[in-house]
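Student: Residue numbers (the numbering used here): 12 to 204. Don't be surprised by glycine CBs; every beta carbon is placed ideally from N, CA and C.
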Amino acid sequence: MEIDIYGDITPIIERDTDMSASRLRGLLKKNTGPIDLHINSGGGDVFEGLAIYNLLKASPNHITVYIDGLAASIASVIAMAGDRIYIPANAMLMVQAPWTSAQGNAKELRKLATDLDQLAESMKDIYIDRTGGRVNRQTITKLMDQETWLTGSEALEYGLADEVLNPVKVAACLTHEQAKMFKRVPEVVNYAR
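(1) If you count every other CB in all the chains shown that lies within 10 Å of the CB of Glu25, and 16 or more means buried, which is it?
(2) I want to know whether the stretch 85-92 touches the stretch 63-76 - three or more CB-CB distances under 8 Å.
(3) For a minimum of 4 consecutive residues, which ranges assigned as the alpha helix (DSSP H) are wholly contained in the stretch 133-168?
(4) Could you give the residue range of the alpha helix (DSSP H) that holds Arg95?
(5) What runs of the alpha helix (DSSP H), each 4 residues or longer, lie entirely inside the stretch 46-96?
(6) Could you check where the alpha helix (DSSP H) with Leu39 kicks off and where it finishes?
(7) What is the rounded straight-line gap between the Cα of Ser52 and the Cα of Gly163?
(8) Can you give the Cα-Cα distance for Asp56 and Pro22, rounded to whole angstroms?
(9) For Val106 versus Glu174, is the C-beta spacing smaller than 9 Å?
(10) Grab the span of the beta strand (DSSP E) containing Glu174 for me, first residue to last.
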């Protein structure tokens with residue numbers, strides 16, 4: 012079975028390309044064979060993404076992940092659920108600390124910051140587990156804090172991918188709206204029109 016995550020990670024599906032945990036759960040219920048998971052996503056809701064990651068990890072199916080263009084933010088965490096992860100040379104994997112927009116009083120905002128720190132630790136555990144311990148917490152923390160955009164070769168070097176494939180025509184791509192959410196978008200990332 013092929014599953015595409017080519018849009019936002021969100022609990023509320025607005026486009027056919029969006030993915031939610033409930034949509035994925037329904038797809039997994041219908042399939043007992045191997046899964047080819049294709050990702051080209053700028054990320055989205057962290058809790059929804061963690062639920063998707065956990066559903067994939069709990070699945071008895073063999074999961075092969077293909078990062079077709081971009082696996083950014085929580086989409087990069089979802090990619091780590093693969094038994095094998097392939098990334099073309101012209102695709103990118105971006106890791107960053109979780110963030111949010113918020114309003115509230117000082118006490119509420121301090122609690123929110125603590126919650127974000129806890130989410131970041133969970134994400135670090137996932138990345139470190141995927142690398143088999145080859146990359147330590149300090150290195151992953153630095154990569155996440157700097158919003159790091161990794162090429163296929165760099166993802167392989169860090170143990171976040173298993174093999175770099177020849178370039179494909181789908182390249183890392185964001186909408187202008189998605190790009191505004193990130194601080195360090197590389198010039199090689201295309202913008203959808």
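Tutor: So, from the listed chains and residues:
(1) exposed
(2) yes
(3) 148-156
(4) Here Arg95 belongs to no alpha helix (DSSP H); instead the beta strand (DSSP E) covers 95-99.
(5) 57-69, 85-90
(6) 32-40
(7) 15 Å
(8) 8 Å
(9) no
(10) 174-176
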